[in-house]
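Only one structure is covered here, and it is reproduced in the block below.
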Ligand code: LMR
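Residue numbers (the working numbering): 6 to 421.
Here it is in structure tokens:
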């Protein structure tokens, strides 16, 4: 019998955002600051249960519900609401958008990659450089035969979205049927999004080369405070290629996938609630493709989890709760915008070397600070301020009590 080689396997590092949270929790320094994982925190650095979510929980509690299995496709009232949130009420009824509930955004991305690897069969997948680190792992795990190519998303000199670099890479290297992973809003980690005009030009390349787009929507609401405005790119691509009555494109790509996380905009991180939307051309039946998604879900998780789905459905079924939720999303987005302004002015006030205007030009949960890996390590080791090695700072970890401390720590690691 062949000897097991399990003992020879190297120990892999823990995913960085989770490793940082563990290190922060183990740190006993009283003024430690966590700017690592992409999670919302209130003015007191505490997790914030959205008041609309709390109200929905109370309503559900009174209903004395059971804990039966969901269908493999998930909680259908939730699927409908998730679709409305991404596509708007009008498009959400179109039969060429099929939705399956997933284990949060990660599950949606994983299912999308698995589906693409088996049934779309691209040669390459284009992922932004930089991106959420899990994009690279997910596509490596689910599609080991697909070549990962990075499009240069960030211009480190101009500190902005590298539109020309992105377009050139897709123009030169993408082939028909290749996958392009796009962040529709609040790009993680850079905080820079394409303008509407740039999105239209990206769509033009996607259409001309017949590329298969996978949108990953994890921060809807965090870019502008308005979930509808943040879904603009997805709705625009849908209307361009797959619009029910009159798609603008004559020869659209085979389909499109939209991964949706409700972790951040409902604050339901641990409930693992998300959705994957499969879009096909209106003249083609989506039934067969959808049934293959269902088969993949059955073999992975049988069916998804109930609680988060019930919360989202309860909020979206009631106009009063929904208005309350929209207010909650705005509260989070505005608080983050406020700490951006405060950090920039604090860094300037104490004459920290460099130009910090990018902090307020960036949007969403993160700032891509431009700090080097060694500066980030000094921040952690000397000042107990935790953020990703690539210089990404999760802004909601900042508040009136710690902004001065963090600004002084940054000034210290940068030097004169
Ligand atoms: C992040 O980017 O920090 C979050 O999305 C958490 C994670 O899964 O990495």
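Ideal Cβ placement from N, Cα and C applies to all residues, glycine included. Note that the structure is predicted; figures quoted are calculated from it, not measured.
Measure the C-alpha to C-alpha separation of residue i and residue j and round it to an integer number of angstroms.
{"i": "residue 351", "j": "residue 320", "result": "38 Å"}
{"i": "residue 293", "j": "residue 342", "result": "44 Å"}
{"i": "residue 344", "j": "residue 401", "result": "8 Å"}
{"i": "residue 431", "j": "residue 56", "result": "In the structure as shown, the chain begins at 6 and stops at 421. Residue 431 is therefore absent and cannot be evaluated."}
{"i": "residue 329", "j": "residue 149", "result": "44 Å"}
{"i": "residue 361", "j": "residue 413", "result": "14 Å"}
{"i": "residue 285", "j": "residue 85", "result": "17 Å"}
{"i": "residue 336", "j": "residue 17", "result": "38 Å"}
{"i": "residue 404", "j": "residue 49", "result": "7 Å"}
{"i": "residue 187", "j": "residue 219", "result": "6 Å"}
{"i": "residue 27", "j": "residue 53", "result": "19 Å"}
{"i": "residue 64", "j": "residue 231", "result": "26 Å"}
{"i": "residue 399", "j": "residue 392", "result": "7 Å"}
{"i": "residue 162", "j": "residue 229", "result": "25 Å"}
State the DSSP-derived secondary structure class of residue i, mapped to helix, strand or coil.
{"i": "residue 255", "result": "coil"}
{"i": "residue 261", "result": "strand"}
{"i": "residue 52", "result": "strand"}
{"i": "residue 34", "result": "coil"}
{"i": "residue 78", "result": "coil"}
{"i": "residue 221", "result": "strand"}
{"i": "residue 266", "result": "strand"}
{"i": "residue 387", "result": "helix"}
{"i": "residue 398", "result": "strand"}
For residue i, verify whether its CB is less than 7 Å away from any heavy atom of the ligand MN.
{"i": "residue 139", "result": "Looking at this structure, you won't find the ligand MN anywhere; what it does contain is the ligand LMR."}
Looking only at its chain, what residues have a beta carbon closer than 7 Å to the beta carbon of residue i, apart from the 5 residues adjacent to it on each side?
{"i": "residue 249", "result": "99, 101, 287"}
{"i": "residue 380", "result": "418, 419"}
{"i": "residue 168", "result": "199, 203"}
{"i": "residue 206", "result": "172"}
{"i": "residue 211", "result": "185, 218, 258"}
Residues in its own chain within less than 8 Å of residue i by CB, not counting five upstream and five downstream?
{"i": "residue 139", "result": "20, 111, 114"}
{"i": "residue 382", "result": "394"}
{"i": "residue 349", "result": "361, 362, 364, 365"}
Using a Cβ-Cβ cutoff of less than 6 Å, which residues in the same chain neighbour residue i once the five nearest sequence positions on both sides are dropped?
{"i": "residue 308", "result": "74, 75, 77"}
{"i": "residue 296", "result": "none"}
{"i": "residue 160", "result": "167"}
{"i": "residue 347", "result": "408"}
{"i": "residue 384", "result": "390, 414, 418"}
Legend entry - Every unbroken beta strand (DSSP E) within the region 134 to 213, with a cutoff of 3 residues, ordered by chain: Taking only runs of at least 3 residues, the beta strand (DSSP E) segments lying wholly in the region 134 to 213 are 152 to 157, 184 to 187.
Legend entry - Beta carbon nearer than 5 Å to a non-hydrogen atom of the ligand LMR: Chain-ordered list of matching residues: 22, 42, 43.
Inset, instruction - With a floor of 3 residues, list each beta strand (DSSP E) that falls wholly inside the region 336 to 375, ordered by position along the chain. - result: Contiguous beta strand (DSSP E) elements confined to the region 336 to 375 occur at 371 to 373, taking only those with 3 or more residues.
Legend entry - Within the region 270 to 315, ranges of the beta strand (DSSP E) (whole runs, at least 3 residues): You should have 278 to 285.
Inset, instruction - Note down, one range per segment and in chain order, each alpha helix (DSSP H) of at least 4 residues found wholly within the region 60 to 109. - result: Runs found: 81 to 96.
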